[in-house]
Structures are given as structure tokens and as C-alpha cells.
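Single-structure report; data block below.
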Amino acid sequence: MPMTPAEAANALRDIDQTEQHSSTLHGYEKASPFLILWGVMWALGYSGTFFFPPYTNLIWLVIAAVGTIGSMMLGKRAKPAGEQKFSWKFFFSWLAAIAAIASVLTIFFPFSGMQIGSLFPLMIGWAYVVLGIWMGARLAITGLFIVVLTLIGFFYLPAYFMLWMALVGGGGLLVGGLWLRSA
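Take any residue in the sequence shown, note its place counting from 1, add 1, and you have its number in the numbering used here.
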């Protein structure tokens with residue numbers, strides 16, 4: 002018995018929804034290891050900053066280097082064997098993000114450790130919100146939690162801000178990465 006036009010339209014709609022859902026899950030699968038990695042990096046960096054303030058710059062230099070190398074290794078591992086070439090678009094995207102942060106820091110100099118300690122989570126949190134709008138709600142929700150919890154720590158827990166950020170910033174990314182993985 003042939004399909005009616007309405008049944009065909011419903012079947013095509015179901016196929017489209019399945020394809021969109023599959024694409025979202027694939028994006029989550031690719032993003033998850035990066036969130037987990039940077040969750041650990043943030044937890045270590047903010048904890049180190051809280052417990053060893055004189056070494057803050059060195060701590061974050063090491064965290065940034067290890068996290069960047071780890072991200073490059075994860076990115077290389079995630080690509081199929083035939084596509085493991087250097088991505089200039091990705092490189093220049095990161096360069097633009099670093100330039101944006103540097104320009105903001107230049108304009109707002111001098112700044113406190115709490116201000117700079119909140120700038121990165123706020124920018125990254127909002128970036129996850131934007132990515133989540135395009136890729137899936139779980140990324141947006143993760144980003145919003147990071148933004149809200151950063152603001153709570155900044156305004157209500159200044160004495161413990163770095164430790165708060167180790168817990169909620171690092172922990173938020175780690176939990177978000179595990180949540181994406183479980184999707």
C-alpha cells in the first residue's frame with residue numbers, strides 16, 4: 002500500500018529530526034574531552050592560585066601550555082586518519098580570541114587578580130552559550146552555569162574566589178564534559 006502525502010511528509014520530518022539529533026550528539030561527543038581536560042586544568046590553576054599566590058603567573062603559564070598541548074592532542078586524535086592536517090582556520094580563531102582578550106585587558110589595566118580570574122570564565126562561558134545555540138542546549142546550559150557561578154563567586158565570595166572557581170569553574174567544565182559524554 003503506497004504512502005499518503007501526509008505520511009511521506011511525516012516520515013521526512015522524522016528523518017530530519019533524527020539527523021539533527023545525531024548531529025548534536027556527535028558534536029557533544031567531540032566537545033566532551035575538551036571540557037573535561039580544561040575542567041581539570043582550571044581546577045588545578047585556580048587551586049594553585051589560591052594556595053600559592055606568589056606563583057600565579059607561573060602556574061597559569063604551565064596550565065595554559067599543558068592544556069594547549071592536550072587540546073592539540075585531543076584534536077588530532079578526534080580527526081580521521083586522512084584528515085590529520087594543521088587547521089589554519091582553527092589556529093587563527095584561537096589567535097583572534099587571544100587578541101580579543103589581550104585588547105580587553107589592555108583597556109581595563111590595571112586590574113585585580115579577581116577581575117582577570119573572572120574574565121576568562123565569563124568569556125568562555127558566553128562562548129559556550131553561543132556554541133550551544135548552534136550545537137545543542139547542553140553546551141549553552143554548561144556555559145550559563147559557568148557565567149552565573151563566576152558572578153556569584155566574584156560578588157559574594159571574594160575571599161575565596163579562586164578556590165570557588167577551582168570548584169565551580171573547573172568542576173563545572175568537568176561535569177559539563179561528562180554530561181555531554183553521557184548524551
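Note that beta-carbon positions come from the ideal geometry of N, C-alpha and C, so glycine has one too.
Spatial neighbours of residue 44 within its chain, please: C-beta separation below 6 Å, excluding the five flanking residues on both sides. Cβ-Cβ distances below 6 Å link residue 44 to 167 and 171 in the same chain, with the five nearest sequence neighbours on each side left out; the list follows chain order.
I need the boundaries of the alpha helix (DSSP H) containing residue 149, first residue and last residue. DSSP places residue 149 in the uninterrupted alpha helix (DSSP H) bounded by 138-157.
Own chain residues within Cβ distance below 6 Å of residue 164, not counting five before or after: Once the five neighbours on either side are set aside, the close Cβ partners of residue 164 are 51.
Closer than 6 Å by C-beta to residue 182: which residues in its own chain qualify, once you throw out the five before and the five after it? Chain order, please. Take residue 182, set aside five residues on each side of it, and the residues of its chain with a beta-carbon closer than 6 Å to its own are 33, in chain order.
Rounded to the nearest angstrom, how far is the Cβ of residue 105 from that of residue 126, given a contact under 8 Å? Contact flag wrong, Cβ pair sits at about 15 Å.
Which listed residue (114, 179, 140 and 121) has its alpha carbon closest to that of residue 100: Of the candidates 114, 179, 140 and 121, the one whose C-alpha sits nearest the C-alpha of residue 100 is 121.
Just reading off the alpha helix (DSSP H) that residue 5 is part of, what are its end residues? Residue 5 -> no alpha helix (DSSP H), and no H or E assigned at all.
Assuming the contact rule is C-beta atoms closer than 8 Å, residue 162 and residue 115 should be a hit. Round their C-beta distance to whole Å, please. Going by Cβ atoms, the distance from residue 162 to residue 115 rounds to 5 Å, so yes, they are a contact pair.
Please classify residue 33: does DSSP put it in a helix, a strand, or coil? Residue state for residue 33 is assigned as helix, using DSSP reduced to three classes.
Could you please give the first and the last residue of the uninterrupted alpha helix (DSSP H) stretch that includes residue 103? Boundaries of the alpha helix (DSSP H) around residue 103: 89-108.
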